[in-house]
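Read the structure below first, then the notes.
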Amino acid sequence: MKRVPAVGSRINVTPDSRQVDTAHLGFTTSPHEECAVEEAAQITERLDGDDHAVVVLTLGPEESTEQLRYAASVGGTALALVTAPGGLDWDPQRTAVAITDAVRVLEAAGGQFDLILFGNESADGGNFQVGIRVAHALDRPIVNGIKGIDIAENGFVARRETDAGYEVYELDAPCAMGVKEGINLPRYPTMKGRLASRKAQIQLLEGAQDAAAGGQARVRLHRPPERASTTVVLGDSAEAAPAVVDLLDELGVL
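Residues in the sequence shown are numbered consecutively from 946, following our numbering.
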C-alpha cells in the first residue's frame, strides 16, 4: 500500500521544482490499495482456521506508520515499513527493488505468501508497474485490473472487467494481483480496531541506499496553470431564446 496526498488536496511544488510541497497536505491510503487490504481481510475471513495472516507493507517516510495503523484497524494482522531514505527519487524501478527485497526478508522469517496484492496503480504516480516488476522479480504470475477474487483448490480465480463482461484467470499459489478500486467496499474501523492498532508492532526494513537501482531520474515537477471558468448569461426569459438557439446550432445539436 502507499501513502498519498488526500483526494482534492491542492498540490504545490517546492521552490526547486523537484519535490511536492507537503507542508499543508493531508495524506491517506491510495484507494486501490485500500481495497486490496480489504480484499485480503475478506479472503482470510473466508478461510477456516486462525493460521492465516494479512501482512501490510508500505515504502515511505516514518509518517507512513499512520496508514499502516489504519490498515491494522481494518484487518491487517502484521505491519512492515520499508524506510525510504530522503533525497532520493523513488521511481517505480527503485520502489519495486526495495519491495522485492522486503518480501524476501518477510518470507524468509515467516514462510511464503500465498497471494501478494497490489493496488492497480497508485493515486499519485499512476505508474501501473510496481506490482508487475515485483512479481517478475519473485518469478510469480500476476494479473492487473482485478475486480473479483475467489479461492480455488490450488490458488485463486481472478476476474477482470471488460466491456463485454469479465475475463477469468486461474492462478496457482503463490501469485500476485493488481486490485482495482470497486472490487469491494472497504470497511470502517471499529473503536476496538482503532485501539488495537495503536499497540500493533511495525517491523522496520531498511530500503536500499543505492540510487543506481532506479533507471529514472526526476528533472522537475511542473504545476499546470489553473483553468478559470466563466458563466455567460444569454438573456432573461423569452429574450434568451434566440441566443440559446444560436448556441445549440453552434454546438451542432440542431
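Note that CB positions come from ideal geometry on N, CA and C, so glycine has one too. If you're wondering where the values come from, they're calculated on a predicted model, not measured in any experiment.
* **residue 1057 (DSSP reduced to helix, strand or coil)** => Coil at residue 1057, not helix or strand.
* Identified DSSP bridge partners for residue 972 -> Bridge partners of residue 972: 950.
* Asked: When DSSP labels each residue in this structure, what does residue 956 get in the three-state scheme?
  -> For residue 956, the secondary structure class from DSSP, reduced to helix, strand or coil, is coil.
* Asked: Are residue 1017 and residue 1150 close, meaning C-beta to C-beta below 8 Å?
  -> No. Outside cutoff.
* Between residue 990 and residue 1124, which are expected to be in contact by the criterion C-beta below 8 Å, what is the C-beta distance as a whole number of angstroms? -> The Cβ separation is near 16 Å, so there is no contact.
* To do: Give a single yes or no on whether residue 1178 has its beta carbon closer than 7 Å to a heavy atom of the ligand GTP.
  => Absent from the structure shown: the ligand GTP. Ligands present: none.
* Asked: Which residue comes first and which comes last in the beta strand (DSSP E) that contains residue 1071?
  -> Counting along the chain, residue 1071 sits inside no beta strand (DSSP E), nor does DSSP assign it H or E at all.
* Nearest neighbour of residue 1003, chosen from 1166, 1093, 1152, 1097 [CA to CA] -> Considering only alpha carbons, the answer is 1152.
* To do: Could you check if residue 1026 is buried or exposed, using at least 16 other CB atoms within 10 Å of its CB as the buried criterion?
  => By the Cβ neighbour-count rule, residue 1026 is buried, with 16 or more other Cβ atoms within 10 Å of its own.
* **Reduced DSSP category for residue 1138 - H, G, I as helix; E, B as strand; rest coil** => DSSP places residue 1138 in the helix class (H, G or I) of the three-state scheme.
* Bridge-paired residues (DSSP) for residue 1107 -> DSSP lists 1110 as partners of residue 1107.
* Are the CB atoms of residue 979 and residue 1131 nearer to each other than 8 Å? -> Yes, Cβ-Cβ distance for residue 979 and residue 1131 is below 8 Å.
* From residue 1101 to residue 1115, what distance separates their C-alpha atoms? -> Spanning the alpha carbons of residue 1101 and residue 1115 requires a straight line of approximately 6 Å.
* To do: Identify whether residue 1161 lies in helix, strand or coil by the three-state DSSP scheme.
  => Note: residue 1161 maps to coil in three-state DSSP.
* Using beta-carbon positions only, say whether residue 1001 and residue 1013 come within less than 8 Å of one another. => In contact: residue 1001 and residue 1013 (Cβ atoms closer than 8 Å).
* To do: Verify whether the separation of the beta carbon atoms of residue 965 and residue 1166 is less than 8 Å.
  => Contact annotation: residue 965 and residue 1166 have beta-carbon atoms nearer than 8 Å.
* Assigned secondary structure, residue 1196 (DSSP; H/G/I helix, E/B strand, else coil) -> In the structure shown, residue 1196 sits in coil (DSSP, three-state: anything other than H, G, I, E or B).
* **Pick from 1023, 973, 972, 1008 that is closest to residue 997, judged by C-alpha positions** => Selected option, being the one with the closest Cα: 1023.
* Asked: Where do the N-terminal and C-terminal ends of the alpha helix (DSSP H) with residue 1013 fall, by residue?
  -> In this chain, the alpha helix (DSSP H) harbouring residue 1013 covers 1010-1018.
* What residues are listed by DSSP as bridge partners for residue 1062? -> 1122.
* Can you name, in chain order, every residue of its own chain whose Cβ lies under 8 Å from the Cβ of residue 1090, other than the five neighbours on each side? -> Excluding residues within five positions, the ones whose Cβ falls inside 8 Å are 1065, 1105, 1106, 1123, 1125.
* Does the count of Cβ pairs from the stretch 952-968 and the stretch 1163-1177 closer than 8 Å reach three? -> Judged by pairs of C-beta atoms under 8 Å, the stretch 952-968 touches the stretch 1163-1177, as three or more such pairs exist.
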